[in-house]
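First the structure, in the form of structure tokens, and then the observations on it.
Numbering (my numbering), first residue to last: 172 to 921.
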């Protein structure tokens, strides 16, 4: 069929039908520019809409710039807005055209309508043309003194725009001092909030070159300023409340009473409908009580309900953001949330990224009292149409089983997975059954009876094949058909990918340094030695006790709680923690930025809240770095590292405690790598994820080619680092150990 003739096509209202369309618009606008006939503003609106629509789809309509400016001489606010939008778009790319706008924008800045004054001032400051800054000073000065709060709001942000165009012009006009006065005296809270935002940005930028600006920036954190904001916080908008709470989080209270006053004042912000306000308040409370372990416990108990409420309300994106915060808290103190595990059940309509996070949290909060219910729920997810979630749920069941929680019921459920006849379910279940048998060999009879009935043709994934082969070899006496099953697995042996190097089968003392467990994923080679490349990790069985990263047992101690509005330090019940006091005494929560506040107690990261802990004296401070100079540009290739690690004996084997700030900062291994490199200690390999991380570091002396090798295993649950040091010069091992400990103790501390 032939296409319709051009004359029969209907023209689109949002696109020119010919080359002369822009010219027609120009002619029509010129005719209306000086007209005062009735209905002329309606005609202008139609033409302005066409111009804006053409501009939006990328058609150049700069030719009508002059006519648009002439037609803007009207009191119609809608026409003004469209004209300002047009002018702002083309003035940025054509400074010459911007000169045509100055007169009419300055005229509109003096209009009787405050809305027009504000819009004109915003458009004038948005031109952002350097050679026009002289025209901004006068209107901005008038705008900051305007009777209309809307105009003042726009003027304050206009000062910040002027600063980014010409900082010297802004400072010379003393606009920052004017903003300071407005911030402390203006009756409109939005003006005050804008002043705070502008001053923080201006004085932070000026502080590097001006001592006065540095003092002014510090003055924003003074008690009168912070208290002025906190006392008016209920008047601020949600965005401004977050701004005030962020400012208060940087404030250093003088004593504990002041901390309690601030928290009691902001108690009702935890019930705010806006999630950002709630999270900002929680951040402030946690920051204020970082050095007060007893009150920290009350904060955890108090913030639990608001966070769980936010998870179940709002969009999936908001739920994920809140869950990410909850995840961090759950990993630090899982027993606090153990009774609220049902809040982490997955909903059918939730996106995968939310479900995955909830599965991790369900695994973390599992204990003897709730394991049965959690595992029952996780087993339902194994039949989920979302295959990655089904896999994760099966792995979660296995992780809970390895934590020695209700193993009897879990084994039965894992064996039921093997009967589901789904390839991915069978694969994950086989791996977990293998892990369970390595830890609980007493279950071999029940497990092997089911495993022996699996057809090797249904096992396709390499991990599952490896697990099945291990069980065939380990329990062949209990499976009469083991040779035949094995025969089916070796038919395509030549096509299988080799994932375990030969040295992994040697004795433990002869193994190389890259002995990462199955959970560690890929092994990252340090950038200084291998240009940042990533190679596949050497895999070993997840439950090999020689290779597994140790995980501390979870604390099951619960102390007194206070869910009221007031925060105070509760009395302790020392009998509740007699078994854990020795382990907890090795870690102290400190806040060096708070003068006058002594550490309240010492506790491990799993008991971060100090639930019922007796007061324990603080340990001695970390030793100062010895006089051992390291080469900041040391280089060592992985092959040499591995060879040295095999040959050299262990000089020192120690265990260090890591500060809560360091544990909080260790969300990924890269953060610690950068920190240690700043102390001339380089990483050649790393791997793992919370709570288990493993690193191999090396360092070299400046004056000689003497190398130190370090194996560092960090468990964030126990806040402990296990260190093994090997050295060419063993006499310097102690000095290097002190230097390494000093560097590690500073990780995460501002």
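Every residue, glycine too, gets a C-beta built ideally from N, C-alpha and C.
Pairwise C-alpha distance: residue j and residue i
i           : j           : result
residue 916 : residue 608 : 39 angstroms
residue 904 : residue 894 : 12 angstroms
residue 653 : residue 569 : 25 angstroms
residue 626 : residue 660 : 10 angstroms
residue 229 : residue 456 : 49 angstroms
residue 525 : residue 555 : 15 angstroms
residue 552 : residue 560 : 7 angstroms
residue 248 : residue 339 : 34 angstroms
residue 445 : residue 378 : 34 angstroms
residue 450 : residue 227 : 38 angstroms
residue 631 : residue 541 : 34 angstroms
residue 588 : residue 596 : 6 angstroms
residue 256 : residue 466 : 53 angstroms
residue 238 : residue 328 : 29 angstroms
residue 827 : residue 385 : 38 angstroms
residue 433 : residue 914 : 34 angstroms
residue 296 : residue 836 : 41 angstroms
residue 290 : residue 250 : 12 angstroms
residue 382 : residue 829 : 36 angstroms
residue 613 : residue 579 : 11 angstroms
residue 460 : residue 402 : 21 angstroms
Contact set for residue i: own chain, Cβ-Cβ below 6 angstroms, skip 5 residues either direction
i           : result
residue 334 : 341 and 373
residue 514 : 479
residue 304 : 336, 337 and 340
residue 233 : 261
residue 598 : 632 and 635
residue 801 : 851 and 870
residue 508 : 501 and 536
Beta-bridge partners of residue i, as assigned by DSSP
i           : result
residue 886 : 863 and 891
residue 896 : 823 and 881
residue 828 : 891
residue 801 : 872
Integer Cβ distance of residue i from residue j, believed to fall under 8 angstroms
i           : j           : result
residue 799 : residue 907 : 6 angstroms
residue 254 : residue 243 : 4 angstroms
residue 235 : residue 196 : 6 angstroms
residue 873 : residue 896 : About 18 angstroms; that fails the 8 angstroms criterion.
residue 324 : residue 361 : 5 angstroms
residue 528 : residue 494 : 5 angstroms
residue 855 : residue 812 : 5 angstroms
residue 154 : residue 649 : In the structure as shown, the chain begins at 172 and stops at 921. Residue 154 is therefore absent and cannot be evaluated.
Span of the alpha helix (DSSP H), counted from its first residue to its last, around residue i
i           : result
residue 503 : 487 to 503
residue 904 : 904 to 916
residue 611 : Careful: residue 611 lies outside any alpha helix (DSSP H) and carries neither H nor E.
residue 265 : Segment: none, residue 265 is in no alpha helix (DSSP H) and carries neither H nor E.
residue 517 : That residue, residue 517, is in no alpha helix (DSSP H); it is neither H nor E in DSSP.
residue 453 : 446 to 459
residue 407 : Taken as a continuous stretch (DSSP letters only), residue 407 belongs to no alpha helix (DSSP H), as it is neither H nor E.
residue 361 : 360 to 377
residue 301 : Taken as a continuous stretch (DSSP letters only), residue 301 belongs to no alpha helix (DSSP H), as it is neither H nor E.
residue 424 : Here residue 424 belongs to no alpha helix (DSSP H), and DSSP marks it neither H nor E.
residue 841 : 840 to 848
residue 296 : 285 to 296
residue 509 : No alpha helix (DSSP H) contains residue 509, which DSSP labels as neither H nor E.
residue 922 : Lying before the first or after the last residue shown, residue 922 is absent from the chain, which here runs from 172 to 921.
residue 312 : 305 to 315
residue 237 : 236 to 242
residue 329 : 320 to 336
residue 581 : 578 to 589
Residues of its chain near residue i, where Cβ-Cβ distance is below 7 angstroms and the 5 sequence neighbours each way are ignored
i           : result
residue 602 : 634, 635 and 638
residue 723 : Any answer about residue 723 is weak, because its pLDDT of 36 lies below 50 and its placement is not dependable; what the coordinates show is given next. Excluding sequence neighbours, residue 723 sits near 777, 886, 888 and 889.
residue 548 : 516
residue 530 : 563, 564 and 567
residue 924 : The question about residue 924 has no answer here: the residues shown for the chain are numbered 172 through 921.
residue 283 : none
residue 428 : none
residue 847 : 854, 868 and 914
residue 447 : 409 and 413
residue 584 : 546, 550 and 568
Residue-level contact to chain B via CB, residue i, 8 angstroms cutoff
i           : result
residue 656 : Of the protein chains in this structure there is only one, and it is not chain B.
Residue i Cβ short of 7 angstroms to the ligand HEM heavy atom set
i           : result
residue 482 : Ligands in the displayed structure: none, and consequently the ligand HEM is not present.
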